[in-house]
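For the sequence shown, my numbering gives the first residue as 22, with consecutive numbering after it.
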Amino acid sequence: MNIQTNIQLAPLTTIQLGGPAQEYISCDTNQDIISALQYAKEKNIPIHVLGGGSNTIFADAGFSGLIIHIQTSGITHEQQGDDFILTTQAGEDWDNVVQYAISHNAAGIECLSGIPGSVGGTPFQNVGAYGQDVSQTIKSVFAINRDTLEQVEFSNSECNFGYRTSRFRAEDKDKYIITAVAFELKINKAREIKYPELASTVGTTIQPGKEGLQQVRNAVLALRKKKSMLIDPQDPNSVSCGSFFTNPIISTEEFVANLTLAQSDIPNFPEKNNCVKLSAGWLIEHSGFSKGMRQGNVGISENHSLALVNRGGTTQELLDFSKHIQTAVQKQFKIQLQLEPIVVL
Ligand SMILES: Cc1cc2nc3c(=O)[nH]c(=O)nc-3n(C[C@H](O)[C@H](O)[C@H](O)COP(=O)(O)OP(=O)(O)OC[C@H]3O[C@@H](n4cnc5c(N)ncnc54)[C@H](O)[C@@H]3O)c2cc1C
Numbered sequence: 022m023n024i025q026t027n028i029q030l031a032p033l034t035t036i037q038l039g040g041p042a043q044e045y046i047s048c049d050t051n052q053d054i055i056s057a058l059q060y061a062k063e064k065n066i067p068i069h070v071l072g073g074g075s076n077t078i079f080a081d082a083g084f085s086g087l088i089i090h091i092q093t094s095g096i097t098h099e100q101q102g103d104d105f106i107l108t109t110q111a112g113e114d115w116d117n118v119v120q121y122a123i124s125h126n127a128a129g130i131e132c133l134s135g136i137p138g139s140v141g142g143t144p145f146q147n148v149g150a151y152g153q154d155v156s157q158t159i160k161s162v163f164a165i166n167r168d169t170l171e172q173v174e175f176s177n178s179e180c181n182f183g184y185r186t187s188r189f190r191a192e193d194k195d196k197y198i199i200t201a202v203a204f205e206l207k208i209n210k211a212r213e214i215k216y217p218e219l220a221s222t223v224g225t226t227i228q229p230g231k232e233g234l235q236q237v238r239n240a241v242l243a244l245r246k247k248k249s250m251l252i253d254p255q256d257p258n259s260v261s262c263g264s265f266f267t268n269p270i271i272s273t274e275e276f277v278a279n280l281t282l283a284q285s286d287i288p289n290f291p292e293k294n295n296c297v298k299l300s301a302g303w304l305i306e307h308s309g310f311s312k313g314m315r316q317g318n319v320g321i322s323e324n325h326s327l328a329l330v331n332r333g334g335t336t337q338e339l340l341d342f343s344k345h346i347q348t349a350v351q352k353q354f355k356i357q358l359q360l361e362p363i364v365v366l
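Encoded structure:
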């Protein structure tokens, strides 16, 4: 086992923040993961599981424990009629997996093109964009129980997926390390594009075939680039975690009773259980903030009001700024914004 000490964490994250890890191990196999868990148990030190670091903010002081960096690789598939079962190890780069699916004419994750991070991070928060999320195509999630080291498989329904959440982020947080994910994709099936911004570029129906899927991918990548939602070393607005806040979901009753909101032109979308989802970006922009705004060495992206960016600052500055935004939105609209990234303090 190659345990390293005093490894800087900032370069392992897209927002480039955080001090050193006391101990660090890169895991290329599931056996490495099990050995790392045993090592941490013997030494009685805390662990943190790191994938692509695109939704993680480490403390300025770093992490006093063991970082288990998941870097397992391998993608396989099985085709049965129009069903295409793609199984990928957790450390694979997510966008490579999307490209793999498209190159095999398999539809279901093409709208998720360009999202940074690893496969293991996708079920964690049920990654989604442009009308798709991974809960629509995940068949099963394979994981190791951090305490018992038992290897388990969860069916889609057992993952308890919701908007930007799952059992791995909620009730079973810190209980499992995801080792692989199987997706059930479809070939030769026309696809409906539900997201209006995307449909206005590619149309509402995509015919079966690689070209259609590639066309969706290209359109999504172009939209993401315009919003700095693609990691680009040349683009300082992409030094972020993507959206910093989730879109609030409140009951329809609460929405109607909140006259400041109900009488405004806030974009709102019906959700399950008689709820509505509100645009967090709109709330921020109507609480005194705007794109490109700075506070010290952190700020809001020039191209997306939901993305907070690091412009050479610290985690403390970023968290102070996010608190400032939350307080202003709460004061203006009585809505509590929730952070989307995982903050490891
Ligand atoms: C520019 C940009 C754009 C983005 N756009 C989107 C978007 O459109 N939609 C969206 O949903 N997200 C988006 N994100 C957020 C992020 O890319 C996703 O959440 C991604 O899936 C995180 O994966 P990761 O491997 O980088 O996770 P990390 O940041 O490494 O980890 C995030 C959390 O997942 C846990 N985790 C990671 N891997 C495992 C594993 N194998 N087992 C158990 N737990 C694990 C970690 O412990 C941590 O708690 C964006 C981020 C950026 C920087």
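C-beta: ideal position from N, C-alpha, C; glycine also. These numbers were taken from a predicted model, which means no experiment stands behind them.
The residue from Ile-136, Gln-157, Glu-113, Gly-138 with its alpha-carbon nearest to that of Ala-128 is Gln-157.
Checking the 7 Å criterion, the Cβ of Ile-214 is out of range of every heavy atom belonging to ligand 1. Spatial neighbours of Leu-170 in its own chain (CB-CB distance under 8 Å, excluding positions within 5 residues in sequence) are listed in chain order as Ile-55, Leu-58, Gln-59. Separation of Asn-117 and His-90 (C-alpha to C-alpha, rounded to the nearest whole angstrom) is 18 Å.
Between Val-140 and Thr-109, the C-beta gap is smaller than 8 Å, which places the two residues in contact.
If you keep only unbroken beta strand (DSSP E) runs of at least 3 residues inside the region 45-112, you get 68-71, 77-79, 84-91, 96-101, 104-110. Separation of Glu-63 and Leu-71 (C-alpha to C-alpha, rounded to the nearest whole angstrom) is 20 Å.
From the listed residues Pro-67, Tyr-45, Ile-78, the smallest Cα separation to Ser-261 is found for Ile-78. Of the heavy atoms belonging to ligand 1, none sits nearer than 7 Å to the Cβ of Gln-236.
If you look at Tyr-197, you'll find it in the beta strand (DSSP E) that goes 197-207. For the options Leu-360, Thr-335, Gln-347, Arg-212, the alpha carbon positioned closest to that of Leu-38 is the one of Thr-335. Listed in chain order, the non-local C-beta contacts of Ile-88 below 6 Å within the same chain comprise Ala-42, Tyr-45, His-69, Leu-71, local neighbours out to five positions each way being set aside. In this structure, Leu-242 has its beta carbon at no less than 7 Å from each heavy atom of ligand 1.
By the criterion of a C-beta distance shorter than 8 Å, Lys-210 is surrounded in its chain by Asp-103, Ala-128, Pro-229, once the five residues flanking it on both sides are discounted.
For Asp-341, the three-state secondary structure derived from DSSP is helix. Cys-132 has no beta-bridge partner at all, per DSSP.
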